[in-house]
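Trainee: Take this structure, written in structure tokens, and hold onto it; I'll ask about it next.
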Amino acid sequence: MEQSSGTVFFIEKGELGEAKRRALSGDNRQLQRLVDYYMFSYSPDEDGGESELQKWLGLAAERKLPGAAKSLLMNANEADGPDCPTIRKYAAGFSAELVTELSTVNGYLNRCLTG
């Protein structure tokens, strides 16, 4: 059980396939659940790790899901990443207002976007 934005997300290993199928079919709720799962629950060596996270964040950026932007941008830090080029890539998919708002509370994010 992981928590993000005040909502508890559950994805059991056996549910991943269905969640992915539904997200690809346009279910943004499932897409947000996958973003949160890969941001907070996975180990980089399991379930496809970082490539899975990048895949779902990329789709979330295309669909301009604000929750996914917050998941990525609010939790960006120097120790755990993602790295600055990745942050810039995904931040480009979201509104300038949202990115500016988030970067004011996250120094690492601000350095990545302005550096």
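In terms of the numbering used here, the sequence shown opens at residue 1 and continues consecutively. Yeah, the Cβ is synthetic: ideal placement off N, Cα and C, and Gly gets one too.
I need the boundaries of the alpha helix (DSSP H) containing valine 35, first residue and last residue.
Mentor: Along the sequence shown, one-based indexing puts residue 35 at 35. That run of the alpha helix (DSSP H) goes 28-40.
Trainee: Could you give the DSSP three-state label for threonine 118: helix, strand or coil?
Mentor: No answer is possible for residue 118: the residues shown for the chain start at 1 and end at 115.
Trainee: For leucine 113 and serine 95, I'd like the C-alpha separation in whole angstroms.
Mentor: Working through the sequence shown from its first residue, we reach residue 113 at position 113. Working through the sequence shown from its first residue, we reach residue 95 at position 95. Taking the straight line from one Cα to the other gives about 14 Å.
Trainee: Indicate the three-state DSSP secondary structure (helix, strand or coil) for methionine 1 in the structure shown.
Mentor: Here residue 1 corresponds to residue number 1 of the sequence shown, with the count starting at 1. Reliability of the predicted coordinates at methionine 1 is poor, the pLDDT of 38 falling under 50, and the value obtained from them is presented with this limitation in mind. Correct three-state label for methionine 1: coil.
Trainee: Suppose you measure from the CA of glutamine 30 to the CA of alanine 23; what does that come to, to the nearest Å?
Mentor: Numbered from its first residue, the sequence shown carries residue 30 at position 30. Numbered from its first residue, the sequence shown carries residue 23 at position 23. For glutamine 30 and alanine 23, the distance between alpha carbons rounds to 5 Å.
Trainee: Please name the residue, chosen from Lys13, Val105, Met39, that lies closest to glutamate 52 on a Cα-to-Cα basis.
Mentor: On the sequence shown, position 52 is the one that residue 52 refers to. Ranking Lys13, Val105, Met39 by Cα distance to glutamate 52 puts Met39 first.
Trainee: Considering only residues of the same chain and omitting the five flanking positions on each side of serine 71, which have a CB-CB separation below 7 Å?
Mentor: As a first step, residue 71 is located in the sequence shown; it is residue number 71 there, counting from the start. Ser4, Val35, Asp36, Met39, listed in sequence order.
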